[in-house]
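To start, the structure itself, in structure tokens.
Chains as they are written, first to last, in my numbering: chain D, 90 to 508; chain U, 90 to 508.
This is the structure:
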């Protein structure tokens, strides 16, 4: 196994040169004449779909496997469950809204813009209620941010349990949001000196209330109404959700209806019995909001095996940090004995998914592949054992440890753990 | 009319503070008690949709107007026509694939990955045929780029003709692409010294062949298979299309099947009788590939009128340049007599759509609103008259002139031309 840049040395089918436009019929020199090259194909002989066929398009039928998937036994009701982003089949950094993971506490509600209201009350000079049109009149900002469930990878605390990169690490998405800054709405209401926290809650039956310290509320928290250029989808909080860059997804309250300003945290169900980290001694850490630096190889991975033989292989994955930019991603193909820096492709935005690529010449032997992220604070993504040494095995949340995939010689990939 | 930053001075409904979680019932001091605040709503009392409801989601029903639209009389067949991006209703910089404009010359074809082949032939050392799997083995890059039809705004040469920002300027989209660089594929085949052009053609019946100078082919042209994180859509060239950053959309060949290397341009139909600029003296300019700097206000605009009265108003739009980054966008509200720099929101990537915002306090009187883009080369988007002085009225392509919207006192907006 070497880490040299990939240059293809495969023997491609060779056709002689043919000049001019139109379909090229080659006098192929290949052993097996390829009818897809030597014959006129149906799709080159017909009219395809007209432009009025799909006013709003969907993925082509051949990609029907690239969808969100849920796990039925995970919760009692699918209205309070999770489905997972098919990260094993995606590329780049943007997550399309159509396949971006969902997590609901009482299902996704239908709330029209005309029925939408947002209240700011509590320790403010002037309690306010905004209509959707009111929000459109405040200055808008754009920010790209990852939203990761605090429980992403949570099944891994007890060992490699689920197959599929989608199921083990797919509670994450990354979108470009447009909205107004929470600080501008709070300024309109006038936060009183005693106001040290905001309590944010949604319009769904669960309300999913969470407390956010005022320092964060006045920093980069956004009240968003567009994602990836278009309106939020129903299941992502249409018409308005909170974007809390770098912090656990549960705080990104959907269908947000109220922002209360208080002198202390509310200590709601969602921040006491849930979304706290159970430690080995039985105590629970609370206020663990930030999602620490993490990465995962998305391909090859279980669900994305190698379908070709030895030779050039693209290893790719995602890295992210709630504390800022990703500055480096290392990849190991030998179970963590040696590491090589991967290429970071495109932008490495702060608190956003960052794509890495690592091109190798695969020798066709089994590999144990891993990635580890380093962010601008110098933090290095830990091993699973290092995390267990501190947090034990009882935890559900905040597993940002290194994920290992076993690539077998036949190209199939399994979720494993290295002792 | 002033251009001061917007600070809201509207009288919002005021409710008294109410502490604690749960639905807040206000003792409202507003003249008209708002039942959406004072009563428990249905959506706060039910289970919403479960997570297995939408494996691949679509926009919510309330957004069903935000779709591509075509104009039936534009071409003889809708298989060789255009539909337009609803840019008046979008925000941010990304265009969702589902509503990104289409232009076909013989319709959108269904071509599976297993049936896909890409040939490189002509003046190369080793003619090659790639399968889709072959392409996945080359090093991948990410690039975000706008794709604009050369005829975008073409109806405007003869004066303001169509209503709707979508129909006048909507032949554009902006996506994050992942693929392999054309230069890497050409290097694999080995371009011979005499090879000065590539001729690229698609697998559809039209073939839509275009010549590209070798200098561009070896620079930033990408053979792309992902857009906005997922597979290309059928109508955008699934499984593989060409991305030619900054150059007219017709050259972004979809379902690309062949790249021929030649010592001269092919001078195909698509680059002689079409996609050339007819000048006043009857001659046609050819090889006008670059899309010069341009901008348009997307809201307010026809289809996106002002629904509220005087006071804070967000003016927003898009700017782009085929020659690099947008460095400034000016906005005028008085028909071009005075100009004020707008805010550029988010990134201003090279050869990609750039979002601008301009916050004003609207006095409720009529306005003639315009935007003009300036790019990193110092180029300033011209007036329509300046462009006509050189190119006359016979042209169809490359209208990058300033667009004027007439905002009436009642908030309705019309497409107009200022003499």
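Even glycine gets a Cβ: it sits at the ideal position worked out from N, Cα and C.
Looking at the C-beta of residue i, does it have a partner C-beta in chain U at a distance below 8 Å?
i	result
residue 293 of chain D	yes
residue 122 of chain D	no
residue 448 of chain D	yes
residue 495 of chain D	no
residue 454 of chain D	no
residue 345 of chain D	no
residue 488 of chain D	no
residue 256 of chain D	no
Opposite residue i in the DSSP bridges: which residues?
i	result
residue 235 of chain U	U/263
residue 429 of chain U	U/420
residue 366 of chain U	U/374
residue 290 of chain U	U/347
residue 446 of chain D	D/405 and D/432
residue 315 of chain U	U/267 and U/320
residue 220 of chain D	D/206
residue 215 of chain D	In the DSSP output, where bridge partners are listed per residue, residue 215 of chain D has none listed.
residue 159 of chain U	U/172
residue 197 of chain U	D/138
residue 460 of chain D	D/420
When the cut-off is 8 Å and only beta carbons count, does residue i lie next to chain D?
i	result
residue 363 of chain U	no
residue 188 of chain U	yes
residue 155 of chain U	yes
residue 267 of chain U	yes
residue 434 of chain U	yes
residue 208 of chain U	yes
residue 283 of chain U	no
residue 327 of chain U	yes
Who are the neighbours of residue i on chain D, taking C-beta pairs under 8 Å?
i	result
residue 172 of chain U	140, 141 and 144
residue 134 of chain U	294
residue 457 of chain U	Result: empty, since nearest Cβ-Cβ is about 21 Å, beyond 8 Å.
residue 222 of chain U	396 and 397
residue 75 of chain U	No answer is possible for residue 75 of chain U: the residues shown for chain U start at 90 and end at 508.
At a CB-CB cut-off below 7 Å, which residues of chain D make contact with residue i?
i	result
residue 225 of chain U	403
residue 195 of chain U	136 and 137
residue 126 of chain U	206, 208 and 218
Assuming residue i contacts residue j under a Cβ cut-off of 8 Å, what Cβ separation, rounded to an integer in Å, is found between them?
i	j	result
residue 455 of chain D	residue 498 of chain D	5 Å
residue 136 of chain D	residue 201 of chain U	19 Å between Cβ atoms; not a contact.
residue 125 of chain U	residue 206 of chain D	5 Å
residue 319 of chain D	residue 321 of chain U	Not a contact, Cβ separation roughly 18 Å.
residue 303 of chain D	residue 268 of chain D	Their Cβ separation, rounded to whole angstroms, is 19 Å, which puts residue 303 of chain D and residue 268 of chain D out of contact at 8 Å.
residue 542 of chain D	residue 315 of chain U	No information on residue 542 of chain D is available, as it lies outside the stretch 90 to 508 that chain D covers here.
residue 353 of chain U	residue 286 of chain U	6 Å
Counting only Cβ pairs nearer than 7 Å, list the residues of chain U close to residue i.
i	result
residue 201 of chain D	151
residue 167 of chain D	139, 140 and 141
residue 322 of chain D	146, 148 and 149
residue 159 of chain D	140 and 141
residue 191 of chain D	140
residue 198 of chain D	132 and 137
For residue i, which residues from the same chain have a beta carbon less than 7 Å from its beta carbon, with the 5 sequence-adjacent residues on both sides left out?
i	result
residue 111 of chain U	Its pLDDT being 29, under 50, residue 111 of chain U is placed unreliably in this model, and the value from its coordinates should be taken loosely. Cβ neighbours of residue 111 of chain U beyond the five flanking positions: none.
residue 366 of chain U	373, 374, 377, 480, 484, 486 and 487
residue 359 of chain U	297, 298, 299 and 339
Leaving out five residues before and five after residue i in sequence, what residues of the same chain have Cβ atoms less than 8 Å from its Cβ?
i	result
residue 428 of chain D	419, 420, 421 and 461
residue 370 of chain D	none
residue 231 of chain D	265, 266 and 267
Kindly list the residues whose CB is nearer than 6 Å to the CB of residue i, restricted to its own chain and excluding five residues on each side of it in sequence; keep chain order.
i	result
residue 307 of chain U	272
residue 431 of chain D	418, 420, 445 and 447
residue 217 of chain U	209 and 278
residue 324 of chain D	191 and 197
residue 256 of chain D	173
residue 382 of chain U	410, 462, 464, 468 and 470
residue 221 of chain U	202, 205 and 328
residue 333 of chain D	310, 340 and 341
Output yes if chain C places a C-beta closer than 8 Å to the C-beta of residue i; else output no.
i	result
residue 204 of chain U	This model lacks chain C altogether, as its protein chains are D and U.
In chain U, which residues lie less than 9 Å from residue i when you measure between Cβ atoms?
i	result
residue 319 of chain D	148, 152, 155, 175, 178, 179, 180, 181, 183, 184, 185, 187 and 188
residue 315 of chain D	179, 180 and 181
Name the chain U residues that come within less than 8 Å of residue i, Cβ to Cβ?
i	result
residue 417 of chain D	Near residue 417 of chain D there are no residues of chain U at all, since even the closest Cβ is about 17 Å away, more than 8 Å.
Would you check whether the ligand GTP has a heavy atom nearer than 7 Å to the C-beta of residue i?
i	result
residue 193 of chain U	As far as ligands go, the structure on display features none, and thus does not contain the ligand GTP.
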